[in-house]
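> I have a structure here, written as structure tokens, and I will follow up with some questions on it.
In the working numbering, the protein residues as written are 153 to 495.
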């Protein structure tokens, strides 16, 4: 075994041959799958991450979503799971260089090259967004380019670290500041799909200029590791904390996003989560069968919210009821609140 790595060791069915990369969340190895008789890229996450139930849920959910993607510019995920208490992801092994390393060796490559790369990455993002998957961190280090100039987008937000100014603490960023959408300097709004698309131009600057798009002011680049909680929720809801319901996970905010409205109706569990100042998303789960819905950008209306989903259907939340209204104004249902809390 190579000192300081797992190279030469066995990890479940995988024989680890070479270390390909290392980051704040874990390591990526070239590995031989002894069961399926193939060589793969195996990402092995830090052992402590498997101890976090919220992270485990997100890891499995987003790995499953990423594995469904069939777009040619997304590296296929073969398998994922837990081996001996450690989370891992089995991916196709692609021989190439990340765009940042490529630019260090070759220098600026001109507008035509940038357009060719961006076109391929945009196709990957379009496919991901169609499948409801958001990348969160489009930047040169996450673009892999083969010798034939075929580009792949890697790292679909399955495991973000606190390194490279990626933050996952309360009131902080998910993404790399230098490549953030310029309309989202408050880190927590980076998860929007539009932000991934807006970040493409910043990334496109790099093959032309061979440098980061801008120097980020110290006030922004300094990690905001404060754990000061947001203003308290007014009221209490059984089985819930400041991020929504403890179960199911579909009625709970991402661990970086506090809840601003939590409600238990006669038929549903509902929560509105804050991703930034004035930015929210709505999560609802039907108690009877666990059917879930998620709606981006609900609008605050005093002590409640109005979330508009597909076809114009509205979910109107107040401390007294959830009212579901069709796009043409018909009331489909009114569910009285049994318990509610709001900020």
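Think of the CB as a built atom: it goes at the ideal place given N, C-alpha and C, for glycine as much as any other residue.
Give a yes or no on whether the C-beta atoms belonging to residue 414 and residue 437 are separated by under 7 Å.
Residue numbering aside, residue 414 sits at position 262 when the chain shown is read from its first letter. Residue numbering aside, residue 437 sits at position 285 when the chain shown is read from its first letter. No, they are not a contact pair.
> What residues are listed by DSSP as bridge partners for residue 297?
Along the chain shown, read from residue 1 onward, the residue named residue 297 stands at position 145. Its beta-bridge partners are 249, 303.
> Measuring only the C-alpha atoms, how far is residue 378 from residue 429?
Numbered from its first residue, the chain shown carries residue 378 at position 226. Numbered from its first residue, the chain shown carries residue 429 at position 277. Note that residue 378 has pLDDT 41, beneath the 50 cutoff, so the model's placement of it is unreliable and no number is given.
> Considering only the alpha carbon of each residue, which of 252, 456, 251, 242 lies closest to residue 194?
Your numbering for residue 194 matches position 42 in the chain shown. Among 252, 456, 251, 242, the Cα nearest to that of residue 194 is on 242.
> Which runs of the alpha helix (DSSP H), 4 residues or longer, sit entirely within the stretch 208-269?
Counting only runs of 4 or more, we get 251-258.
> Tell me, to the nearest whole angstrom, how far the beta carbon of residue 488 is from that of residue 418; I am working on the premise that it is less than 8 Å.
In the chain shown, counting from the first residue as 1, residue 488 sits at position 336. In the chain shown, counting from the first residue as 1, residue 418 sits at position 266. Residue 488 to residue 418, Cβ: 6 Å. Contact.
> Can you say whether residue 298 is buried or exposed, counting buried as having 16 or more other CB atoms within 10 angstroms of its CB?
Taking the chain shown and counting its residues from 1, one reaches residue 298 at position 146. It is exposed - the Cβ of residue 298 has fewer than 16 other Cβ atoms within 10 Å.
> Between 247, 305, 217, which has its C-alpha nearest residue 277's C-alpha?
For this step, residue 277 is matched to residue 125 along the chain shown. Ranking 247, 305, 217 by Cα distance to residue 277 puts 305 first.
> Specify whether the stretch 215-231 and the stretch 171-184 touch according to this definition: at least 3 beta carbon pairs, one from each stretch, less than 8 Å apart.
Verdict: no, contact absent.
> Would residue 450 be called buried (16 or more neighbouring beta carbons within 10 Å of its own) or exposed?
The count along the chain shown starts at 1 and reaches residue 450 at position 298. So residue 450 counts as buried.
> Measuring alpha carbon to alpha carbon, tell me which residue in 275, 204, 168 is nearest residue 191.
Residue mapping note: residue 191 aligns to position 39 of the chain shown, counting from 1. Per the Cα distances, 168.
> Just the C-alpha distance for residue 199 and residue 216, rounded to the nearest angstrom, thanks.
For the purposes of this step, residue 199 is identified with residue 47 of the chain shown, where counting begins at 1. For the purposes of this step, residue 216 is identified with residue 64 of the chain shown, where counting begins at 1. In a straight line, the C-alpha of residue 199 is about 20 Å away from that of residue 216.
> Would you grab the beta carbon distance between residue 412 and residue 422 for me? Rounded to a whole angstrom, and I think it's under 8 Å.
Residue numbering aside, residue 412 sits at position 260 when the chain shown is read from its first letter. Residue numbering aside, residue 422 sits at position 270 when the chain shown is read from its first letter. The Cβ separation is near 12 Å, so there is no contact.
> Going by DSSP in three states, residue 451 sits in which element: helix, strand or coil?
In the chain shown, residue 451 corresponds to position 299, counting from 1. Reduced to three states, the DSSP call for residue 451 is strand.
> Based on Cα-Cα distance, which residue from 219, 236, 202, 495 lies nearest to residue 162?
Stepping through the chain shown from its first residue, residue 162 is reached at position 10. The candidate whose alpha carbon is nearest that of residue 162 is 236.
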